[in-house]
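Numbering (the working numbering), first residue to last: 32 to 1069.
Note that beta-carbon positions come from the ideal geometry of N, C-alpha and C, so glycine has one too.
Notes follow once the structure below has been shown.
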């Protein structure tokens, strides 16, 4: 079957859809409430209820099924607003509530009960509202547990509907795109490859580490995207082509800052994203980072309560004391204070040197820290508070619990005060003990408290072991495995990472500093719990895999707990919804659910059809489902790189990439299906489909029906099965689908829970590439087989080019390869002006020809005036030597005291383009090395080349990757095949090839089939996997 080229809107026109005849796109569902008041499901752990926008669901309460009279069905909309569903009474007293999926997002549905009113026979009332007065009913009303129906958003590109299973997404590292002016050029290639959605890493100003996910100011678009250094000459503002009022590029952004109180660059970004849809057929999404901010975010100085500190979270005091003592201990090692006694020095190059350091750690830090002093319970004071509470509430009866359960409850209460203060200072509140012990049970209370103290002592010993293991494990990884070098004075060079960021580091007295807890992740932590909360002990026990460049945000339970933070982050989310079509929730599993709920509601207020995808690392299907229900997640990220062989990949495709199995029965009853129209329907190419033009008798035979020579099946008629009586004559019933809920019957397709749709990546942007994990040849078969998945699919820019290693989200600053240098750069301010002009004239006029575009393109500078390279790995003296002068002269740099990064600037005319006339602007390749404290080395995070056994760093002066693509070269990697794969994936989704089969024919040969249930056309995806080298395969050249 040939694959047609994508049309100008990047989506194939509608073909002969399976849903037209077989009702797969159901317009009405039906569901019943069980005896607990929840919507019935054969297996509630199998998924959540999901429907398309616009469908209707009849929610039925069978007469007598509830213990109390049902007076209403209440829904909470995706915007947090409450409403009551319309209802009617069917035969036999069944109540039917009609739910209309009007908004995208999660709807919480609950039955509302009235008071029980005895009937004349003494039996409880049934569903009818047998209550006296509306006010009495409302006053005594209670509600059932909540059920959730998730309504999927309706996406479209330039007015053409985009099914979620047709999405082909590409993730990009935003800073590798360069300024906004070059984005059309960068994404022309993306559009030609057949992608239809882009996922951007954050575009905001970043923190000191440079990580894409360490955002310094959520309301400030990075100047990197606004400062257009790739153009020279003058550009007109507001679309003015007359030359009046023109300014140099450097002044353009200055004008924006002076003339606007809005967020600088927001209008330009909106215009660029709009242009990407209209011109290139690309929707756009971005990361939403809600649970942390960069440790050097300027607004933290004025609002320190936005983070966790010993001041607002006193249980962190012990953890902070341990943290700064660890930093001081590391500096003492660097100063050589333990060299003579323990043999511990700053050089940790082997296991013996590491153990010397750990002996010093045990004797000089861990033992003097006296961990047990933070875990002491004061028994007498706890008994006193219990007596006082009993005296105030003598009549209250305590719970009847066994000693073991009592001990567990008091132990967990005591843990909440661990770390607050040294000594026997833990006192359990009388309000807690009063509910557990009667006034006559003082002896029992004391015995339980003594047992709790024993458990606290064991917890203290365990915590000390945890701390030691964490310090030793981190040092072994950093120094022995990763070869980070010697310990240094800076915190990033220390023996252990810093858990707390000081806002006033100039304060000499460490106990007087304002510090905030850093963020990170904890292995095996329960996703719904806060690891910085009282009783968690994560920071004290050093269990956090910390991100020292990020501060964990403290929202509290409601906006009043941290007003500035809620306002600030809410505005951040609104900006995302104004510009983008959807978001990826970064670290969704560690973002407080109530915070994410609030933020996504604000997004949906601005953009109702907002697509939300996320990665969830909860380790529990039930917890995943809980997050989906609360947030209305539309897709969960899955990854082919996490499979380990062909069989595992097939299992993933069957579980996450399949809508319906091949030959699977339709959920629509046969009596409710519609016959295929007798007229021929156009297929995807616009031709008449031979399958659709078959006579109805032939179509009937396919369904196992006998042929009838009857007027009801005349070739010019369109008759539905439920419109034919026993004699084959057409009925007069107006029902077209058989799913109407009328007085005597309630019919519809049963609503069943389903798994969250997948966004199935071949490789995500923060995991290993096929060349790193499997073989370079694995990239093509994985892409081929994922193209056959019946769900959204994704890739990362660089995967198609077969980039050998993952591009670092922290240090990567090279630009992506530019495959369309003939596309002129775009001045985003001109796009803004065009929008304003269209708004003023009331019409969306065609974009005028920009006479400056070609001139600007001609004046484009290929070689910049300066090139900056950096060394982030420490060292006292860092210089660079290179091929520009025969490796003779030192090129010194400047050190950033905050991050420790050394930045070296290479200058045009000095280190490259030497002797070139300005108009020539010819790019060159430079070889160089870093000399760190006298040792010649390379930065492995920058491009390297092996020159006869000698490895050098290399760069091209026009920002291309060394050895990169030039016009006239063949496309690298799988770029040539990618458009075909994406076209087939989009065709299968748009035209509803919605049955899938995936099989392993041999150990490494996989066949994926997408089948159309009406036309019975199939698309086959066949690939031989390459998870490992085959015998005889030659190694690839370096």
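How is the alpha helix (DSSP H) around residue i delimited, first residue to last?
{"i": "residue 1011", "result": "1009-1021"}
{"i": "residue 332", "result": "330-333"}
{"i": "residue 461", "result": "461-464"}
{"i": "residue 412", "result": "410-423"}
{"i": "residue 504", "result": "473-506"}
{"i": "residue 370", "result": "370-373"}
What does residue i pair with, by DSSP beta-bridge criteria?
{"i": "residue 129", "result": "89"}
{"i": "residue 243", "result": "Answer is none; residue 243 lacks a bridge partner."}
{"i": "residue 959", "result": "913 and 984"}
{"i": "residue 811", "result": "Paired residue(s): none; residue 811 is not in a bridge."}
{"i": "residue 210", "result": "The partner list for residue 210 (beta bridge, DSSP) is empty, contrary to what the question assumes."}
{"i": "residue 318", "result": "615"}
{"i": "residue 1071", "result": "Because the chain is modelled from 32 through 1069, residue 1071 falls outside the range shown and cannot be assessed."}
{"i": "residue 1049", "result": "1042"}
{"i": "residue 144", "result": "101 and 173"}
{"i": "residue 581", "result": "325"}
{"i": "residue 107", "result": "113 and 139"}
{"i": "residue 966", "result": "963"}
{"i": "residue 634", "result": "Per DSSP, none; premise fails for residue 634."}
Taking DSSP as the reference, what is the three-state secondary structure of residue i?
{"i": "residue 1058", "result": "coil"}
{"i": "residue 897", "result": "strand"}
{"i": "residue 945", "result": "coil"}
{"i": "residue 822", "result": "coil"}
{"i": "residue 655", "result": "helix"}
{"i": "residue 794", "result": "coil"}
{"i": "residue 1042", "result": "strand"}
{"i": "residue 292", "result": "Confidence in residue 292 is poor, its pLDDT being 44 and thus under 50, which makes the residue's placement unreliable; the coordinate value appears in the next sentence. Of the three classes helix, strand and coil, the one that applies to residue 292 here is coil, per DSSP."}
{"i": "residue 79", "result": "strand"}
{"i": "residue 364", "result": "helix"}
{"i": "residue 661", "result": "helix"}
Which value, in whole angstroms, describes the spacing of the CA atoms of residue i and residue j?
{"i": "residue 584", "j": "residue 348", "result": "17 Å"}
{"i": "residue 680", "j": "residue 806", "result": "16 Å"}
{"i": "residue 580", "j": "residue 466", "result": "44 Å"}
{"i": "residue 1052", "j": "residue 218", "result": "27 Å"}
{"i": "residue 1048", "j": "residue 819", "result": "14 Å"}
{"i": "residue 686", "j": "residue 332", "result": "48 Å"}
{"i": "residue 822", "j": "residue 845", "result": "32 Å"}
{"i": "residue 513", "j": "residue 136", "result": "45 Å"}
{"i": "residue 1143", "j": "residue 868", "result": "Missing from the structure shown is residue 1143; the chain here goes from 32 to 1069 and no further."}
{"i": "residue 353", "j": "residue 181", "result": "46 Å"}
{"i": "residue 375", "j": "residue 390", "result": "8 Å"}
{"i": "residue 86", "j": "residue 96", "result": "26 Å"}
{"i": "residue 488", "j": "residue 432", "result": "24 Å"}
{"i": "residue 619", "j": "residue 911", "result": "42 Å"}
{"i": "residue 638", "j": "residue 623", "result": "22 Å"}
{"i": "residue 756", "j": "residue 643", "result": "Caution applies to residue 756, whose pLDDT of 41 falls short of 50 and renders its modelled position unreliable; the model cannot decide the point."}
{"i": "residue 1137", "j": "residue 905", "result": "One cannot answer for residue 1137 here, as it falls past the ends of the chain, which runs 32 to 1069."}
{"i": "residue 957", "j": "residue 988", "result": "8 Å"}
Would you mind reading off the limits of the beta strand (DSSP E) that contains residue i?
{"i": "residue 648", "result": "Per DSSP, residue 648 belongs to no beta strand (DSSP E) and is neither H nor E."}
{"i": "residue 806", "result": "Residue 806 -> no beta strand (DSSP E), and no H or E assigned at all."}
{"i": "residue 977", "result": "975-978"}
{"i": "residue 302", "result": "Where residue 302 is concerned, there is no enclosing beta strand (DSSP E), although the alpha helix (DSSP H) it sits in stretches over 297-311."}
{"i": "residue 188", "result": "186-188"}
{"i": "residue 1031", "result": "1026-1031"}
Is there a Cβ of chain C sitting closer than 9 Å to that of residue i, yes or no?
{"i": "residue 501", "result": "Chain labels in this structure do not include chain C; a single protein chain is all it has."}
Does the distance between the C-beta of residue i and the nearest non-hydrogen atom of the ligand SAH fall short of 8 Å?
{"i": "residue 300", "result": "This structure simply doesn't include the ligand SAH, nor any ligand for that matter."}
**Request:** Count the CB pairs spanning the stretch 522-535 and the stretch 501-510 that are closer than 8 Å, and state whether there are at least three.
**Result:** yes
**Asked** Is it true that the stretch 233-247 meets the stretch 316-326, where meeting means three or more beta-carbon pairs spaced less than 8 Å apart?
**Response** yes
**Prompt:** Per the contact definition of three or more C-beta pairs closer than 8 Å, is the stretch 783-798 in contact with the stretch 70-90?
**Reply:** yes
**Message:** Contact between the stretch 460-476 and the stretch 539-556 is defined here as three or more beta-carbon pairs at a separation below 8 Å; is this criterion met?
**Reply:** The stretch 460-476 makes no contact with the stretch 539-556: fewer than 3 CB pairs, one atom from each, lie closer than 8 Å.
**Asked** Is the stretch 642-660 touching the stretch 546-561 in the sense that three or more CB pairs, one from each, lie closer than 8 Å?
**Response** Yes: the two stretches touch, three or more of their Cβ pairs being nearer than 8 Å.
**Asked** Would the stretch 562-569 and the stretch 586-598 be scored as touching if the rule is three or more Cβ pairs under 8 Å?
**Response** no
**Asked** How about the stretch 193-206 and the stretch 1020-1032: do they share at least three Cβ pairs that are nearer than 8 Å?
**Response** yes
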